[in-house]
Amino acid sequence: FSDIPSNNMQRWTAEGGSKLFLDRKSRSNGIVVDPQGRLIFCEIDKRAIVRRDKDGAETILADSCDGQKLTAPNDLWLAPNGDIYFTLPKLRPSKAKKDAIPENVLNGTLCRISADGKSVTNVGKAVGVEAPNGVVGTSGGKQIWWTDGTVCKTAKINTDGTLSDPKVAAKVGSDGLAVDARGRLYTTAKEGLAIHDAEANEIGFISVPESPSNMKFGGVDGTTLFITARTGAYLVKSKTPGEGFAK
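Numbering (this note's numbering), first residue to last: 472 to 718.
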């Protein structure tokens, strides 16, 4: 997981706890691991999506979308067919000035890197994405969720990788997102994690000692919910596994 204020990545194991994994002077954000065990992550200062091989070699997968340079990517999701969807948050003038980001960069949308790496396209425009942050999809590759300002939305993933049929999935904003095997959406709040059903109703809440930023189901059977927060990381054992873990 990324520790943005400290400019590094941490690696947690049940045996050894959390240890420094990688010193990232250019600040990483969202991270996924591909089937080959390579890290794919958002790079804030490089304003790019980067892949890191096991031997440490790094490749920039995208630093533009439809020919337009990116603002700082925030989060990403690796689809089962190899496509990568990543979010570009809405650019605030104060943030742009602080990070020396040009005014003409692409922001406030959702982009897709094709599995073959040959194209990076703006798929968020067609479904009205405006201020995304977290993003997650299903293991079957047919549905995607993203945060969008004061709500969270979901859409169908078409066979060509484009999106359609958007609708509200939660009536609150969020930082990161997760989905369990029953199709329930988990969002972040100041006091913890809210859980929403398919009709966008809040049906449960998990209290966390400090404001969470993201979460991910994992562990051997997918019943461990890992949570990153402001100064610490937490885990919760769940009766329901994460989406994609159910037999």
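Don't be surprised by glycine CBs; every beta carbon is placed ideally from N, CA and C. Computed from a predicted model, the values in this text were never measured in an experiment.
- Rounded to the nearest whole angstrom, the C-alpha separation of residue 706 and residue 697 is 4 Å.
- Linking residue 694 to residue 715 through their CA atoms gives a straight-line distance of about 11 Å.
- Minimum Cα-Cα distance from residue 555 among the listed residues 567, 615, 645 corresponds to 615.
- Ranking 548, 595, 668, 576 by CA distance to the CA of residue 538 puts 576 first.
- DSSP places residue 603 outside any alpha helix (DSSP H); the residue lies instead in the beta strand (DSSP E), whose first and last residues are 603 to 608.
- In terms of CA proximity to residue 529, 512 leads the group 535, 512, 541.
- Assigned with DSSP and collapsed to three states, residue 572 falls in coil, not helix or strand.
- Classified as exposed, residue 621 has fewer than 16 neighbouring CB atoms from the shown chains inside 10 Å of its CB.
- C-alpha of residue 536 to C-alpha of residue 637: approximately 21 Å in a straight line.
- Taking a contact to require three or more Cβ pairs closer than 8 Å, the stretch 639 to 652 and the stretch 580 to 590 do not qualify as touching.
- Residue pairing for residue 687: DSSP places it in a beta bridge opposite 697.
- The alpha-carbon separation between residue 569 and residue 692 amounts to approximately 43 Å.
- For residue 636, the enclosing beta strand (DSSP E) starts and ends at 634 to 641.
- Cβ contact annotation for residue 553 (same chain, cutoff 7 Å, sequence separation greater than five): 586, in chain order.
- For residue 490, the enclosing beta strand (DSSP E) has its first and last residue at 488 to 494.
- Assignment of residue 511 by DSSP, reduced to helix, strand and coil, places it in the strand class.
- Counting of Cβ neighbours within 10 angstroms places residue 557 among the buried residues, the total reaching 16 or more.
- As the crow flies, the alpha-carbon of residue 619 is around 30 Å from that of residue 494.
- Nearest to residue 524 by C-alpha distance, out of 518, 514, 507, 517, is 507.
- The Cβ atoms of residue 602 and residue 623 do not sit closer than 7 Å to each other.
- Assigned with DSSP and collapsed to three states, residue 661 falls in coil, not helix or strand.
- Comparing C-alpha distances from residue 522 to each of 531, 488, 665 shows the shortest one belongs to 531.
- Proximity to residue 664 across 510, 496, 683 peaks at 683, based on C-alpha coordinates.
- Under the DSSP definition of a beta bridge, residue 615 partners with 608, 626.
- With a beta-carbon spacing of about 17 Å, residue 712 and residue 668 fall beyond the 8 Å limit used to define contacts.
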